[in-house]
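A.B. asks:
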């Protein structure tokens, strides 16, 4: 439910009670992973999604019943491949959910407030038994041990964890949220404005940096979370390392080697997941030579996505932005960038109790 913090917090602050349906387990292919949530208000408003439309109708009925009784519940939706289309779960997987009744007095209220402001938060939900749906304190020691074991198995330590028999003998679902991934756009031209809009719509926190004050304005970049008037290399070099991670992407769209070469030299030395730069192939070759002359190694240059973007055939700023963002998302998740019809196997990766980190919408 942490992913819904921005929507749920105003309701709880007004004294409303909501029912939240959280995915506790998934198997085989499923559109969303453990920890995904949707909420239903007393007026019938639905917030969020747990399956991309596969089982939302049944989930709404569960939530409505929980609101009427004040009691949490669990349910399972399982489908064979042959039953999938008729039953509604077109992906052919199975989903287990737990329903929580969240009131303004619930422990969840304070946690949601923290998630809405800070982005990073954790919440624990009893997933089985007669107290299913209850929000309880996170068992720090057991959660820490499980995350450590995941790291040793080279699995992601983040996301949703199912802790067996962790609460009075019942399973406990611990869901963590992370701040929105950071997209740093260097440059303030039309392509930068389009990438800012598209990136924000996808869920990135977008920062735009350019030395020209007349270009870096809220009117030109209404979707930006932050506007920086500074030389990009100087500003990038001043970012604390602990604010960067593998989900951070830097895109240089300046079309001016006096700005983009110094900016890329700094960016390629940062602990970020993606560094890209726009430019024609002749520009890319010249820029690479200048970067080598400035001391950038071939190993570091191998990280650079340039020309940035996938080959979609478009040319407008908006189409280019879509191409750039598609490559960023593909690189982040290990996608191929190919048309799905040309691939075989599952569209969605097979999932277990562990799912991806739930990013807060900026």
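In our numbering, the protein residues as written are 2 to 363.
By construction, the Cβ of each residue, glycine as well, lies at the ideal position given by its N, Cα and C atoms.
Residues bridged to residue 211 by DSSP?
C.D. replies: BP columns for residue 211 point to 230.
A.B. asks: Checking 8 Å against the spacing of the C-beta atoms, do residue 256 and residue 277 come in under that value?
C.D. replies: No, these two residues do not count as a Cβ contact at 8 Å.
A.B. asks: Out of 225, 262, 144 and 76, state which residue places its alpha-carbon closest to the alpha-carbon of residue 175.
C.D. replies: The shortest Cα separation from residue 175 among 225, 262, 144 and 76 belongs to 144.
A.B. asks: Are the beta-carbon atoms of residue 322 and residue 275 separated by less than 8 Å?
C.D. replies: No.
A.B. asks: If you draw a straight line from the alpha carbon of residue 22 to that of residue 295, how long is it in whole angstroms?
C.D. replies: Their backbone Cα atoms lie some 54 Å apart in a straight line.
A.B. asks: Just how far apart, CA to CA, sit residue 319 and residue 192?
C.D. replies: One C-alpha to the other measures close to 7 Å.
A.B. asks: For residue 312, tell me which candidate among 325, 300 and 302 has the shortest Cα-Cα distance.
C.D. replies: For residue 312, the nearest C-alpha among the options comes from 325.
A.B. asks: Distance, Cα to Cα, residue 298 vs residue 146?
C.D. replies: Between residue 298 and residue 146, the C-alpha separation is close to 39 Å.
A.B. asks: Find the nearest neighbour of residue 334 within the set 210, 248 and 234, judged by alpha-carbon distance.
C.D. replies: Closest option to residue 334, Cα to Cα, is 248.
A.B. asks: Per the DSSP calculation, residue 97 is bridged to which residue(s)?
C.D. replies: In DSSP, residue 97 forms a bridge with 26 and 77.
A.B. asks: Name the residue from 224, 8, 172 and 182 whose alpha carbon lies nearest to the alpha carbon of residue 46.
C.D. replies: The candidate whose alpha carbon is nearest that of residue 46 is 8.
A.B. asks: Going by DSSP, name the residue or residues bridged to residue 42.
C.D. replies: Paired residue(s): 19.
A.B. asks: Once DSSP output is grouped into helix, strand and coil, what is the label at residue 259?
C.D. replies: In this structure, residue 259 counts as helix in the three-state DSSP scheme.
A.B. asks: Which value, in whole angstroms, describes the spacing of the CA atoms of residue 158 and residue 250?
C.D. replies: For residue 158, the pLDDT reaches just 43, beneath the cut-off of 50, and the residue's location in the model is therefore unreliable, leaving the point undetermined.
A.B. asks: Helix or strand or just coil, what does DSSP make of residue 299?
C.D. replies: Correct three-state label for residue 299: helix.
A.B. asks: Indicate the three-state DSSP secondary structure (helix, strand or coil) for residue 136 in the structure shown.
C.D. replies: In this structure, residue 136 counts as strand in the three-state DSSP scheme.
A.B. asks: Restricting to Cα atoms, I'd like to know which of 117, 122 and 101 is closest to residue 1.
C.D. replies: Outside the shown range of the chain, which is 2 to 363, sits residue 1, and nothing can be said about it.
A.B. asks: Considering only C-alpha positions, which residue in the set 4, 329, 252 and 263 is nearest to residue 124?
C.D. replies: The candidate whose alpha carbon is nearest that of residue 124 is 4.
A.B. asks: Can you give me the C-alpha to C-alpha distance between residue 58 and residue 78, rounded to a whole angstrom?
C.D. replies: About 12 Å.
A.B. asks: Do you know whose CA, among 17, 33 and 336, lies nearest residue 24's CA?
C.D. replies: That would be 33, whose Cα lies nearest to the Cα of residue 24.
A.B. asks: How long is the line joining the alpha carbons of residue 85 and residue 165, rounded to whole angstroms?
C.D. replies: For residue 85, the predicted model reports a pLDDT of 48, less than 50, meaning its position is unreliable; a value from the coordinates is still stated below. Taking the straight line joining both Cα atoms gives about 29 Å.
A.B. asks: Kindly give me the distance between the Cβ atoms of residue 185 and residue 210, rounded to whole angstroms, as I take these residues to be in contact under 8 Å.
C.D. replies: Confirmed, Cβ separation roughly 7 Å.
A.B. asks: Taking the DSSP output, what are the residues bridged to residue 163?
C.D. replies: In DSSP, residue 163 forms a bridge with 174.
A.B. asks: Can you check whether the CB of residue 214 is closer than 8 Å to the CB of residue 230?
C.D. replies: For residue 230 and residue 214, yes; Cβs fall inside 8 Å.
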